[in-house]
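J.: Residue numbers (this note's numbering): 33 to 165. Note that beta-carbon positions come from the ideal geometry of N, C-alpha and C, so glycine has one too. Once you've had a glance at the structure underneath, I'll fire off some questions.
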Amino acid sequence: MPKKVKWLELPEAQDYPSAADYLHLLLQAESVDATVQALQDTPITIQKAKDILRAAGLPLLDVTNPHVASDLMKIRTGVKLSPILLVRGNLSSAVPLHIADGYHRVCATYHTDENTNIPVQLADLILGRPAVP
């Protein structure tokens, strides 16, 4: 029987720069900075693993994925995982939820139980404006 997933109360400090690295592939710097700040300012809420993957439109990574396997080992040994950082999608525009940081952790927890409650910080996309000289 899989162990219950344990979570840190807050994301680890390195999760925000990791989220920014991912978001830089999708957004201009001003929007990345504003969105990451919104994530940091957002309280933790709880979402189910199955709902996160479904809203993001992402496939469940296999247990043989090295990062998923590493997170599963952490779960088995009782190491607390960092909460997930999410940027809200837009259903009416067909924009999916984005897992800015924690995709492998979501998949690992799904493998323990698809109904696993995951602490997340969920923020809206903030479109920043370039600085005016």
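Sorted by chain position, which residues of the same chain lie with C-beta nearer than 8 Å to Q69's C-beta, five sequence neighbours on each side aside?
T.: Around Q69: I158.
J.: Check the DSSP bridge columns for K80 and list the partner residues they point to.
T.: Answer is N149, bridged to K80.
J.: Buried or exposed: A51, going by 16 or more other Cβ atoms within 10 Å of its Cβ?
T.: It counts as buried.
J.: DSSP beta-bridge partners for V119?
T.: In DSSP, V119 forms a bridge with H130 and A155.
J.: How would you call G134, buried or exposed, if buried means at least 16 neighbouring beta carbons within 10 angstroms?
T.: Classification for G134: buried.
J.: Of all the options A126, P115, T144 and A132, which has the alpha carbon lying nearest to the alpha carbon of Q79?
T.: Residue P115 is the option with its Cα nearest to Q79.
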